[in-house]
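Below: one structure, written as structure tokens.
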Amino acid sequence: MAEKQTILGRIAQLARANVNALLDEAEDPEKMLDQMVRDYTANITEAEAAIAQTIGNLRLAEADRDDDVAAVREWGAKAAAASAKADSLRAAGQNAEADRFDELAKVALKRQISFEQEVSAAEPQIAAQTEVVAKLKAGLAAMKEKLTALRTRRDQLVARAKAAQAQAQVQSAIGSLNVLDPTSELHRFEERVRREEARVAGRAELQADSIEAQFASLEDAATDLDVEARLAALKSRG
């Protein structure tokens, strides 16, 4: 009975285990869940073996009880047959033989009483053991449900962890893009192009200024010639 109580206690403890609280305290929830799944699976296997043995013992006890019940009926029938034979012999005047069959009837009745006592003693034990088996089966079912929940929780946690890791990688990539913004390179290239354009425009402007200066010198030379010609004309008139 102590072993059965130990099994019941362990099953109840495992079935009541607060997974959420354990996960909150775990440094690595995924590894802890994997370990819990392994532990629960091992405990369930061990519990199934213990429960199977308990059920086997119960079935043996029930079979012995059934045999005793059958023996009660069998010895009752033998006692009745011996008593009837004794009555028949006594009616025929064979008292000595009748007494012998009455003695056989008494022996059969004693055997019947003995088996009845066996049945009476076995019934409460079988009832108690049946109750224990029912509790063990219920506890085992609760453990299996807990194991299913653990596996589901583990799969969900792994999926969430992978999603978080992927999101972190995306955020890291976005952060890298923010640090190395390609638009800033475009701005710098655009600035270089603008400076080149300005330099070319400056050269063109300088060239234009040089040409205008040449034309201006030509205009000045023509003016000087005109002045000289007019001065010569004035002198010729005098």
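Here the numbering used here = 1-based position in the sequence shown + 1130.
Every residue gets a Cβ at the ideal spot worked out from N, C-alpha and C, and that includes glycine.
Requested in this report: For A1258, I'd like the list of residues in its chain whose CB is within less than 6 Å of its CB, leaving aside the five on either flank, ordered along the chain.
Outcome: none
Report task. Kindly indicate which three-state DSSP category A1132 falls into: helix, strand or coil? Result -> Note on A1132: pLDDT 49, under 50, position unreliable in the model; the coordinate value appears next. Three-state result, A1132: helix.
**Report entry** Complete runs of the beta strand (DSSP E) confined to the stretch 1166 to 1252 [at least 3 residues]
**Finding:** none
Query raised in the report: When you compare each of E1248, M1273 and K1267 to Y1170 by their alpha carbons, which one comes out closest?
Result: M1273
Query - Status (buried if at least 16 other CB within 10 Å, exposed otherwise) for V1330 - result: exposed
Report task. Check whether the stretch 1237 to 1245 touches the stretch 1163 to 1179, taking contact to mean three or more Cβ pairs, one atom from each stretch, closer than 8 Å. Result -> A contact is defined here as three or more CB-CB pairs under 8 Å, and the stretch 1237 to 1245 fails this definition with respect to the stretch 1163 to 1179.
**Report entry** Cβ neighbours of A1291 in the same chain (closer than 7 Å, five flanking residues each side left out)
**Finding:** E1160
Query - Per-residue burial, L1364 [other beta carbons within 10 Å of its own, 16 or more giving buried] - result: Note on L1364: under 16 other CB atoms within 10 angstroms of its CB, so exposed under the neighbour-count rule.
Query raised in the report: What is the rounded straight-line gap between the Cα of M1166 and the Cα of A1191?
Result: 36 Å
Report task. Could you confirm whether any beta carbon from chain C is found closer than 9 Å to the beta carbon of E1320? Result -> Among the protein chains of the structure shown there is no chain C, as only one such chain exists.
Query raised in the report: Where does G1269 land, buried or exposed, given buried means 16+ other C-beta within 10 angstroms?
Result: buried
Query - Where A1238 falls, given that 16 or more other Cβ within 10 Å makes a residue buried - result: buried
Report task. Could you work out which residue in R1168, R1367, G1332 and N1187 is closest to Q1255 when comparing CA atoms only? Result -> N1187
Requested in this report: Have a look at A1211 and A1235 and give me their C-alpha separation to the nearest angstrom.
Outcome: 8 Å
Query raised in the report: Comparing alpha-carbon positions, which option in S1250, R1168 and V1263 lies nearest A1185?
Result: Checking the sequence shown, residue 1185 turns out to be Ile, not Ala. Comparing Cα positions, the closest option is V1263.
Query raised in the report: Cα-Cα, which of L1277, V1249, D1217 and K1208 is closest to R1168?
Result: Closest by alpha carbon: L1277.
Query raised in the report: Quick one, are the C-beta atoms of L1280 and L1163 less than 9 Å apart?
Result: Yes, Cβ-Cβ distance for L1280 and L1163 is below 9 Å.
Query raised in the report: How long is the line joining the alpha carbons of R1284 and A1179, rounded to whole angstroms?
Result: Rounded to the nearest whole angstrom, the CA to CA distance from R1284 to A1179 is 26 Å.
Report task. Quick one: residues in its chain with C-beta nearer than 7 Å to the C-beta of R1220, no 5 flanking neighbours on either side, listed in chain order? Result -> Only A1228 meet the Cβ criterion.
Query raised in the report: Based on Cα-Cα distance, which residue from A1216, A1298 and V1249 lies nearest to D1232?
Result: A check of alpha carbon separations from D1232 across A1216, A1298 and V1249 identifies A1216 as the nearest.
Requested in this report: Give the single residue among D1198, A1293, A1298 and E1176 whose Cα lies nearest to the Cα of E1253.
Outcome: D1198
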